[in-house]
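Worksheet for the structure shown next.
2 protein chains.
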Amino acid sequence: MAISNYLYPQYLRVSSGGRLCIHSSGYSWGNRKKQILRLLCASAEKPVEGLYVESKVQTLLDSVKWDEKGLAVAIAQHVDTGAILMQGFANQDAVLTTISSRKATFFSRSRSTLWTKGETSKNFINIHDIFLDCDRDSIIYLGKPDGPTCHTGSETCYYTSVSDLQEQVEGSKLALTTLYSLESTISQRKVELAAAQSGKPSWTRRLLLDNHLLCSKIREEANELCQTLEENEDKSRTASEMADVLYHAMVLLAVKDVKIEDVMQVLRQRFSQSGIEEKSSRRSEG
Amino acid sequence: MAISNYLYPQYLRVSSGGRLCIHSSGYSWGNRKKQILRLLCASAEKPVEGLYVESKVQTLLDSVKWDEKGLAVAIAQHVDTGAILMQGFANQDAVLTTISSRKATFFSRSRSTLWTKGETSKNFINIHDIFLDCDRDSIIYLGKPDGPTCHTGSETCYYTSVSDLQEQVEGSKLALTTLYSLESTISQRKVELAAAQSGKPSWTRRLLLDNHLLCSKIREEANELCQTLEENEDKSRTASEMADVLYHAMVLLAVKDVKIEDVMQVLRQRFSQSGIEEKSSRRSEG
Chain A
1 MAISNYLYPQ
11 YLRVSSGGRL
21 CIHSSGYSWG
31 NRKKQILRLL
41 CASAEKPVEG
51 LYVESKVQTL
61 LDSVKWDEKG
71 LAVAIAQHVD
81 TGAILMQGFA
91 NQDAVLTTIS
101 SRKATFFSRS
111 RSTLWTKGET
121 SKNFINIHDI
131 FLDCDRDSII
141 YLGKPDGPTC
151 HTGSETCYYT
161 SVSDLQEQVE
171 GSKLALTTLY
181 SLESTISQRK
191 VELAAAQSGK
201 PSWTRRLLLD
211 NHLLCSKIRE
221 EANELCQTLE
231 ENEDKSRTAS
241 EMADVLYHAM
251 VLLAVKDVKI
261 EDVMQVLRQR
271 FSQSGIEEKS
281 SRRSEG
Chain B
1 MAISNYLYPQ
11 YLRVSSGGRL
21 CIHSSGYSWG
31 NRKKQILRLL
41 CASAEKPVEG
51 LYVESKVQTL
61 LDSVKWDEKG
71 LAVAIAQHVD
81 TGAILMQGFA
91 NQDAVLTTIS
101 SRKATFFSRS
111 RSTLWTKGET
121 SKNFINIHDI
131 FLDCDRDSII
141 YLGKPDGPTC
151 HTGSETCYYT
161 SVSDLQEQVE
171 GSKLALTTLY
181 SLESTISQRK
191 VELAAAQSGK
201 PSWTRRLLLD
211 NHLLCSKIRE
221 EANELCQTLE
231 ENEDKSRTAS
241 EMADVLYHAM
251 VLLAVKDVKI
261 EDVMQVLRQR
271 FSQSGIEEKS
281 SRRSEG
């Protein structure tokens with residue numbers, strides 16, 4: 001699994017070679033960098049590997065093409081949904097602080113200081129991994145937010161769309177990718193039901209109102225997905241049937257008030273512990 | 001559905017008020033802006049609405065906090081997978097060109113010119129929507145790439161991870177969110193099978209090898225998901241069973257060599273045509 005636990009405190013606190021390093025509150029650059037690198041170093045199983053990691057992280061940071069102000073673009077992305085939460089800028093210190101604190105940290109250009117997202121709102125972005133792009137001037141902070149990221153209370157900062165203007169839509173919508181657009185559409189149908197809006201009920205609304213119909217459709221679509229394998233149907237049939245399974249299962253999630261994000265979190269937690277394979281295997285054998 | 005068709009050519013070509021505007025190849029700013037806004041305007045059903053849209057798009061662009069070089073950060077994101085493909089910078093002209101051409105277009109700071117991603121490689125990023133953040137200094141180009149985005153041939157430009165360094169991993173991995181990390185893990189198990197690696201087979205490998213077991217698990221998990229609704233189990237059970245359905249169904253996708261991205265594309269295309277509801281309804285009634 002690509003998602004690593006390397007940033008968790010219990011891991012960082014492992015002392016090797018007798019060095020147990022404590023996160024410093026000082027911001028003196030030279031000492032701070034050494035402290036953070038030592039913290040990283042302490043996470044390695046053996047001192048020699050720790051030094052190797054320290055050297056590689058420093059090499060990586062040295063390879064970043066910081067701009068004339070010492071900054072690179074830093075994009076915070078939701079590890080489960082893929083939503084782009086916010087974008088800021090980071091200097092080396094901000095990246096090192098993000099690594100050591102596991103909270104997305106940026107450099108505020110207006111205040112010329114480091115700031116950790118959530119230091120006021122408590123809606124931190126808990127970092128799972130950090131990526132650099134091929135040009136080494138752009139950074140992804142991949143993490144899980146504690147709450148809405150935007151200061152407006154919106155889940156993400158991106159809620160103004162050009163197409164809204166062109167479609168004369170009032171209000172705003174989030175920048176959602178396909179699965180989450182689908183979830184949003186289904187939720188909207190549920191709201192419409194509650195508002196008892198008239199008109200011919202859509203298929204989604206019919207499913208939302210009829211648990212028996214919904215469950216029979218989920219079982220039917222799962223069966224049809226399996227048949228594409230059992231009867232060696234072509235790939236486009238498999239994709240189509242999987243889309244049916246997903247759509248109908250997501251209507252069930254809406255009925256139960258479960259977000260697809262919660263499902264992703266279950267998957268991530270199982271995989272980071274290699275849990276899903278173990279659990280499934282145990283149940284199958286049991 | 002949040003995903004709009006507003007940028008499709010057939011829509012843009014609708015003439016209103018007798019004005020049919022052709023995409024200009026000139027880069028003279030004033031004229032070009034007028035041409036592009038007229039193109040947007042022509043997409044409206046009625047001239048008066050077209051003028052309204054023109055005015056609102058211009059107002060929106062005027063509200064962008066372009067930096068001292070006239071630029072804002074522009075992030076290209078995959079509409080189906082949520083993957084951050086690349087990040088560049090855009091000026092007003094780049095955004096207007098992106099709107100009119102429906103291809104992600106940036107301003108090259110090194111060459112001081114507009115460049116459309118794919119103009120050399122032909123791997124364009126076909127834009128579905130454009131979002132601005134709350135601060136109006138960051139832009140998302142939400143689109144579907146024609147092929148790998150990175151000049152290295154990688155799907156995205158973000159394939160260097162800090163955790164890789166710390167885990168002493170050789171090679172690189174993409175910045176993947178949960179669903180796509182799971183897909184990658186399952187694919188890896190399939191590769192391991194082909195390489196006939198020894199050791200106790202994981203649950204995933206057993207499923208990959210045994211279609212009968214796999215299909216019986218998919219049907220079983222779909223049934224258990226339905227039972228959480230039928231028997232009024234709590235939300236965490238629903239999330240857990242949905243995770244089981246997703247995982248097992250994704251193993252089937254791997255067996256059939258179908259990517260979850262292809263499934264998302266099916267969902268998106270159905271929803272942009274309100275197709276899934278219509279199709280499902282038809283089948284149910286038939």
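Taken in sequence, the protein lines are chains A and B. The first sequence: position 235 = 235 (full-length UniProt numbering), numbered continuously. The second sequence: position 278 = 278 (full-length UniProt numbering), numbered continuously. Each residue gets a CB set at the ideal place from its N, CA and C atoms; glycine is no exception. No experiment lies behind these values; they were computed from the predicted model shown.
Could you give the DSSP three-state label for K103/B: helix, strand or coil?
Within the second sequence, residue 103/B is the residue found at index 103, counting from 1. Reduced to three states, the DSSP call for K103/B is strand.
Please list, in chain order, all residues of the same chain as L71/A whose beta carbon is under 7 Å from its beta carbon, the five residues on each side excluded.
Taking the first residue of the first sequence as position 1, residue 71/A is located at position 71. Excluding sequence neighbours, L71/A sits near F89, A90, N91, F107.
Outcome for V191/B when other beta-carbon atoms lying within 10 angstroms are tallied against a minimum of 16:
By one-based count along the second sequence, residue 191/B stands at place 191. Exposed is the call here.
Along the region 83-110 of chain B, where does the CB come closer than 8 Å to a CB of chain A? Name the residues.
A83, I84, M86, Q87, I99
Nearest-angstrom beta carbon gap, L267/A and Y247/B [assumed within contact, 8 Å]:
Start at 1 with the first residue of the second sequence, and residue 247/B comes out as number 247. Start at 1 with the first residue of the first sequence, and residue 267/A comes out as number 267. Contact holds; Cβ gap of about 7 Å.
Does any residue of chain B bring its CB to less than 8 Å from the CB of V57/A?
Here residue 57/A refers to the residue found at position 57 when the first sequence is read from its first residue. Chain B contact via Cβ: present.
For E233/A and G153/A, the rounded distance between their alpha carbons
Looking up residue 153/A in the first sequence gives position 153. Looking up residue 233/A in the first sequence gives position 233. G153/A and E233/A: Cα-Cα distance of roughly 47 Å.
Could you name the residues of the same chain whose beta carbon sits closer than 7 Å to that of R189/B, not counting the 5 residues immediately before and after it, in chain order?
Counted from its first residue, the second sequence places residue 189/B at position 189. If we look at R189/B and ignore the five residues flanking it on each side, its Cβ neighbours are S202, T204, R205, L208.
Please identify, using Cβ separations under 7 Å, the residues of the region 256-269 of chain A that lie next to chain B, in order along the chain.
K256, D257, V258, D262, V263, M264, V266, L267, R268
Apart from the five residues just before and just after E221/A, which ones in its own chain have a Cβ nearer than 6 Å to its Cβ?
Taking the first residue of the first sequence as position 1, residue 221/A is located at position 221. Hits under 6 Å: D244, V245, H248.
Where C21/A sits in the DSSP three-state scheme
Taking the first residue of the first sequence as 1, we reach residue 21/A at position 21. In this prediction, C21/A has a pLDDT of 32, which is less than 50 and means its spatial position is unreliable; what the coordinates show is noted afterwards. Of the three classes helix, strand and coil, the one that applies to C21/A here is coil, per DSSP.
When we look at the beta-carbon of S55/B and count the other beta-carbons within 10 Å, is it buried (16 or more) or exposed?
Here residue 55/B refers to the residue found at position 55 when the second sequence is read from its first residue. By the 10 Å Cβ count, S55/B comes out exposed.
Which one of L193/A, I84/A, I127/A, Q87/A has the shortest CA to CA distance from T97/A?
As a working mapping, residue 97/A is identified with position 97 in the first sequence. Out of L193/A, I84/A, I127/A, Q87/A, I127/A has the C-alpha closest to the C-alpha of T97/A.
What residues of chain A sit near I125/B, judged by a beta carbon separation below 9 Å?
Numbered from 1 along the second sequence, position 125 holds the residue referred to as residue 125/B. Per Cβ cutoff of 9 Å: no residues; I125/B is ~14 Å from chain A at best.
By the criterion of Cβ-Cβ separation under 9 Å, what are the contact partners of K69/B in chain A?
Residue 69/B sits at position 69 when you count from the first residue of the second sequence. Those within 9 Å of K69/B in chain A number zero; the least Cβ separation is about 11 Å.
Helix, strand or coil: which one does DSSP assign to S110/A?
Taking the first sequence and counting its residues from 1, one reaches residue 110/A at position 110. Here S110/A sits in coil by DSSP.
Report the neighbours of L114/B on chain A: residues whose CB is nearer than 9 Å to its CB, in chain order.
Residue numbering aside, residue 114/B sits at position 114 when the second sequence is read from its first letter. Residues of chain A passing the Cβ test: none, with the nearest at roughly 18 Å.
Could you tell me the alpha carbon to alpha carbon distance between L176/B and V64/B, rounded to whole angstroms?
In the second sequence, residue 176/B corresponds to position 176, counting from 1. In the second sequence, residue 64/B corresponds to position 64, counting from 1. Distance between the alpha carbons of L176/B and V64/B is about 30 Å.
Classify G26/A: buried if its beta carbon has 16 or more other beta carbons within 10 angstroms, exposed otherwise.
The residue given as residue 26/A occupies position 26 in the first sequence. For G26/A, the predicted model reports a pLDDT of 36, less than 50, meaning its position is unreliable; a value from the coordinates is still stated below. G26/A should be labelled exposed.
Work out the CA separation of S110/B and A76/A for me, nearest whole Å.
As a first step, residue 76/A is located in the first sequence; it is residue number 76 there, counting from the start. As a first step, residue 110/B is located in the second sequence; it is residue number 110 there, counting from the start. Cα to Cα, the separation comes out at about 26 Å.
State buried or exposed for E230/A, treating a residue as buried only when at least 16 other CB atoms are found within 10 Å of its CB.
The residue labelled residue 230/A in the question sits at position 230 within the first sequence. By the 10 Å Cβ count, E230/A comes out exposed.
Chain B residues whose Cβ lies nearer than 9 Å to that of E230/A:
Against the first sequence, residue 230/A aligns to sequence position 230. Neighbours of E230/A on chain B, chain order: N211, H212, C215.
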